[in-house]
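Have a look at the structure below, then the notes.
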Amino acid sequence: MGCMVPLKTSGDRPPLLLFHPTPGDVMGYGNLVCHLGNDQPCYGFVARGLLKDGECHMLIEDMAEYYIEELLTNQIPESYFLAGWCYGGIVALEAAQQLRARGKKVAYLGMIDTMASAIRTRKVKQRIVELKNAFLSSQVPPGHLRNDTGGWDVAAGEVDVYNIDCRHEDILKEPVVTDLAEKLVESLARHQRQSHQ
Numbered sequence: 160m161g162c163m164v165p166l167k168t169s170g171d172r173p174p175l176l177l178f179h180p181t182p183g184d185v186m187g188y189g190n191l192v193c194h195l196g197n198d199q200p201c202y203g204f205v206a207r208g209l210l211k212d213g214e215c216h217m218l219i220e221d222m223a224e225y226y227i228e229e230l231l232t233n234q235i236p237e238s239y240f241l242a243g244w245c246y247g248g249i250v251a252l253e254a255a256q257q258l259r260a261r262g263k264k265v266a267y268l269g270m271i272d273t274m275a276s277a278i279r280t281r282k283v284k285q286r287i288v289e290l291k292n293a294f295l296s297s298q299v300p301p302g303h304l305r306n307d308t309g310g311w312d313v314a315a316g317e318v319d320v321y322n323i324d325c326r327h328e329d330i331l332k333e334p335v336v337t338d339l340a341e342k343l344v345e346s347l348a349r350h351q352r353q354s355h356q
């Protein structure tokens with residue numbers, strides 16, 4: 160068994176390629192895949208460390224390269240639609256960069272509740288002080304104070320943001336996953352139309 164596993168093979172749309180979050184498996188995507196519709200095939204990438212005799216990758220670049228090598232040996236159309244939740248979004252981003260470096264077309268990159276690396280690596284204490292100081296010096300009433308783009312607006316020119324009111328760990332669970340799937344189907348359809356133009 161390879162690292163690329165079929166989650167749903169039926170459908171006539173370009174396949175959605177889902178990259179694993181931190182645990183390394185793609186089982187958490189099950190609910191999402193069910194809600195994407197009958198015409199949306201999906202494949203997932205599982206961590207090499209979960210496979211028989213598999214060693215864990217130490218670098219995200221090596222991990223993405225390993226997944227791309229398997230992707231390119233499969234009969235997947237060469238207009239790639241990538242997505243990932245949490246850490247899986249970071250892996251999807253690296254895979255997208257490597258695919259583009261090889262001259263491949265990445266038509267879609269979906270980041271599901273994934274923070275930009277620069278933001279994730281900040282020290283928590285420093286971030287708390289920054290937020291406290293910003294709050295105390297602003298005239299903004301208490302409430303929703305986070306950057307909706309998750310920091311991706313710095314790394315990418317255009318970022319589409321879809322807010323779903325839930326905790327991070329609940330986004331792939333019922334009933335919230337139906338809202339996520341609705342937004343993802345809408346976003347994928349728009350990008351699939353654009354990739355055919």
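The sequence shown stops at residue 356 when you use my numbering, and every number in between is there.
Built from N, CA and C at the ideal position, the CB exists for glycine as well.
Whether residue i touches residue j by CB criterion (9 Å)
i	j	result
Gln-353	Ala-242	no
Glu-351	Phe-204	According to the sequence provided, residue 351 is Gln. The question's Glu does not apply to it. No, they are not a contact pair.
Gln-199	Val-344	yes
Ile-271	Ile-219	no
Chain-order list of residues whose beta-carbon lies under 8 Å from that of residue i (same chain, five-residue window excluded)
i	result
Pro-300	For Pro-300, the predicted structure reports a pLDDT of 44, less than 50, and the residue's modelled location is therefore unreliable. The matter cannot be settled from this model.
Glu-228	none
Glu-333	Asn-190
His-355	none
Proximal residues to residue i (C-beta, below 6 Å), its chain only, five neighbours per side dropped
i	result
Gly-213	Arg-207
Cys-215	Gly-208
Gly-247	Phe-178, His-179, Pro-180
Nearest candidate by alpha-carbon position, reference residue i, set the options
i	options	result
Lys-342	Met-163, Met-217, Asp-221, Leu-191	Leu-191
Asp-221	Ala-254, Gln-199, Leu-209, Trp-244	Ala-254
Leu-268	Val-318, Arg-172, Gly-187, Asp-324	Val-318
Arg-111	Glu-237, Leu-210, Thr-181	The shown model of the chain, from 160 to 356, leaves out residue 111, and the question about it has no answer.
Cys-245	Leu-258, Pro-182, Asn-322	Pro-182
Leu-209	Val-185, His-355, Leu-231, Gly-189	Val-185
Asp-338	Glu-328, Asp-324, Arg-349	Asp-324
Glu-328	Tyr-188, Leu-231, Lys-263	Tyr-188
Leu-231	Lys-167, Ala-340, Lys-263	Lys-263
Whole-number beta carbon distance between residue j and residue i, since they are thought to touch under 8 Å
i	j	result
Pro-165	Tyr-202	6 Å
His-194	Val-336	6 Å
Leu-347	Leu-175	7 Å
Thr-273	Ile-235	The pair is not a contact, with the Cβ atoms about 22 Å apart (cut-off 8 Å).
Glu-224	Gln-256	At roughly 11 Å, the Cβ-Cβ gap does not stay under 8 Å, so Glu-224 and Gln-256 are not in contact.
Close-in-space but distant-in-sequence residues of the same chain around residue i (CB under 7 Å, 5 per side omitted)
i	result
His-303	With a pLDDT of only 47 at His-303, under the threshold of 50, the placement of this residue in the model should not be trusted, and no figure is reported.
Asn-233	Met-163
Arg-279	Residue placement at Arg-279 is poorly supported in this model, since its pLDDT is 47, which falls under 50; the coordinates still yield a value, given next. Excluding sequence neighbours, Arg-279 sits near nothing in its chain.
Arg-281	Only weak support is given to the placement of Arg-281: the predicted model assigns it a pLDDT of 48, under 50, and the value that follows is read from those uncertain coordinates. Excluding residues within five positions, none has a Cβ falling inside 7 Å.
Arg-259	Val-265
Gly-170	Asn-197, Asp-198, Gln-199, Pro-200
Thr-168	Pro-200
Gly-161	Glu-229
What runs of the beta strand (DSSP E), each 3 residues or longer, lie entirely inside the region 192–274? 201–204, 238–244, 264–271
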